[in-house]
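Student: FYI, in UniProt numbering the residues of the sequence shown are 1 to 495. Virtual Cβ for every residue (Gly too), placed ideally from N, Cα, C. I'd like to ask you about the structure that follows.
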Amino acid sequence: MAQSPVLLLGGAASTLLQNRGALQAIDQMSLLRPLCKFCASVKRVRDIMPTLRAAMAAAQSGTPGPVFVELPIDVLYPYFMVQKQIVSTTQPKNIMGQIVFWYLDNHLANLFAGAWEPQCEGPLPLDIPQASPQQVQRCVEILSRAKRPLLVLGSQALLPPTPADKLRAAVETLGVPCFLAGMARGLLGRRHPLHIRQERSAALKKADVVLLAGIVCDFRLSYGRVLSRSSKIIIVNRNRKEMLINSDMFWKPQEAVQGDVGSFMVKLKEGLQGQTWASDWAEELRQADQKKEQSFWEKAVMPVAQHLNPVRVLQLVEETLPDNSILVMDGGDFVGTAAYLLRPRGPLCWLDPGAFGTLGVGAGFALGAKLCRPDAEVWCLFGDGAFGYSLIEFDTFVRHKIPVMALIGNDAGWTQISREQVPSLGSNVACGLAYTDYHKAAMGLGAQGLLLSRENEDQVVKVLRDAQQQCRDGHPVVVNILIGRTDFRDGSIAM
């Protein structure tokens, strides 16, 4: 669902013992075929590199996705080890033994035949769909007549081959007010006059032309119901099936373009060179955005029954974030609130669980982000429920000297679920947690631990600064933030 090009490597019993009851041997291929774009099991050593190349090309072509390559143990081990396990050192005397010896010897020869011959190492042959010139021209004509155009950019817009800075330049040149979603968050920096953050549904209803670039009409766009029947909709996506989802019910595209989103945006910019739109439309959207942002301040000063107001805490986090920060999100209610309040400082600086909501990705994302960009400050925001999946990874951070900072919004519960469950069903069963001392647990793993609660609520910024300094000194840090509950996200569950 995240359309991430991931290469999965799996071990397996030796080729001789396939389907013979070997230890931990299962039919992995049948399990993974429905989930992966490409699945293959390597049978000979010389096939390892071609199979991996084919898998990696498939992962990045078309709509990106996971691929799986199974590597039986005997194609991974050195020749002399496999020979020792397979072929007897003494020639058998009886006919049956000689037949078995001959079979195994031939199997070994075939397994390693051509293993040391040179292999292709050139660029991978990728198949990336592109919009046709005719499709681009039709979209240019539709947009050129728009009075209230609106752009919604999703994660697909950030896929290669178009660099983020080139995509940003195209969006700025177009001059169309835009909303950014998923991995596109942060594309225009912290504050940009074209970037509208709040009241997306209302804006979509008012727009006369909507360009959905790399985003689809799933639950995040209310299955297309937020789009006006009178609007002209252009949708661009690498995946035609997903692109047209729910178009038979709630919306209809004027133009559906199957192609790479970033490349399309660059071509669209070139076709609309010199085109301008009336400033009053963008100003109307900015005023609605500012009004909504002001309402957050009202939520921030509301008292909570215990501990800290999460809205106010996140506002202070936003004020503290440095320009080189990368935000990793892993949680439900706390992270959902953060999505409204925190502004990524640049492109590719926001990582979250995606449409599937796979809690537990936080520590892994933080690990990858810090290793990929060691000069960045990695801020990982966890809900207390989600943090249960990542706590032990602070042992990994400590052992490998990887300084990342975790902020836990600890409200002692699975609040995103209980927020709807309790009013609807009258029970908090399976949703209750405790105000656990996660900071002490992290200290037990060798990390630094800090606590924020009502007792030191006037020290929020200071504690965050202390955590930053400890990270700069090379220590992973956990800030356990005890928070109360607000009505900020009431009604947030999508059905």
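In whole angstroms, what separates the C-alpha of F112 from that of R44?
Tutor: Their Cα atoms are separated by approximately 6 Å.
Student: Which value, in whole angstroms, describes the spacing of the CA atoms of M265 and T173?
Tutor: Taking the straight line joining both Cα atoms gives about 10 Å.
Student: Is it true that the CB of L227 sits closer than 8 Å to the CB of L211?
Tutor: It is not a contact, given that the beta carbons lie outside the stated cut-off.
Student: K440 and V404 look like a contact to me (Cβ under 8 Å); what is the Cβ gap, rounded to whole Å?
Tutor: Contact doesn't hold; Cβ gap of about 18 Å is too wide.
Student: Work out the CA separation of L194 and W281 for me, nearest whole Å.
Tutor: Rounded to whole angstroms, W281 to L194 spans 11 Å at the Cα level.
Student: Tell me the rounded alpha-carbon separation between T15 and R373.
Tutor: If you take the alpha carbons of T15 and R373, they lie about 40 Å apart.
Student: With a Cβ-Cβ cutoff of 8 Å, do I233 and K206 count as a contact?
Tutor: No; because the gap between Cβ atoms is not below 8 Å, this pair is not in contact.
Student: Roughly how many angstroms separate the alpha carbons of S279 and V461, rounded to a whole number?
Tutor: Taking the straight line joining both Cα atoms gives about 38 Å.
Student: Could you work out which residue in P5, Q315, D352 is closest to D330 when comparing CA atoms only?
Tutor: Selected option, being the one with the closest Cα: D352.
Student: Kindly indicate the opening and closing residues of the alpha helix (DSSP H) around L314.
Tutor: Unbroken alpha helix (DSSP H) run through L314: 310 to 320.
Student: Is there contact here, the segment 408 to 419 with the segment 381 to 389, by at least three beta-carbon pairs under 8 Å?
Tutor: Touching, yes, given that three or more Cβ pairs across the two stretches are closer than 8 Å.
Student: What does the alpha-carbon distance come out to for the pair G97 and G364?
Tutor: The alpha-carbon atoms of G97 and G364 are separated by roughly 52 Å.
Student: Inspect the beta-carbon positions of G189 and S155 and report whether they are closer than 8 Å.
Tutor: Not closer than 8 Å, so no.
Student: Could you tell me the alpha carbon to alpha carbon distance between R229 and P129, rounded to whole angstroms?
Tutor: About 29 Å.
Student: Can the beta-carbon of G259 be found closer than 8 Å to that of Q137?
Tutor: No, the Cβ-Cβ distance between G259 and Q137 is not below 8 Å.
Student: With DSSP collapsed to three states, give me the class of M405.
Tutor: Correct three-state label for M405: strand.
Student: With DSSP as the reference, label S41 as helix, strand or coil.
Tutor: Here S41 sits in strand by DSSP.
Student: Determine the contact status of A146 and P72, defining contact as a CB-CB distance below 8 Å.
Tutor: No, they are not a contact pair.
Student: Nearest by alpha-carbon distance to Y223: which of I417, G122, F250, R240 is it?
Tutor: When each option's Cα is compared against that of Y223, the closest is F250.
Student: Under DSSP, the beta strand (DSSP E) around I235 begins and ends at which residues?
Tutor: 232 to 237 is the span of the beta strand (DSSP E), which, as asked, contains I235.
Student: Three-state secondary structure (DSSP) at D127?
Tutor: Three-state result, D127: coil.
Student: Taking 6 Å as the limit between beta carbons, can you name the residues of its chain near V261, skipping five residues before and five after?
Tutor: Result list for V261: Q156, A157, A213, G214, V236, in chain order.
Student: Under a three-way DSSP split, which group does L71 fall into?
Tutor: In this structure, L71 counts as strand in the three-state DSSP scheme.
Student: Quick check on the DSSP output: the alpha helix (DSSP H) that includes L204 runs from which residue to which?
Tutor: Looking at the DSSP string, the run of the alpha helix (DSSP H) that includes L204 is 200 to 206.
Student: Mind checking W350: buried by the 16 CB within 10 Å criterion, or exposed?
Tutor: Buried, since its Cβ has 16 or more Cβ neighbours within 10 Å.
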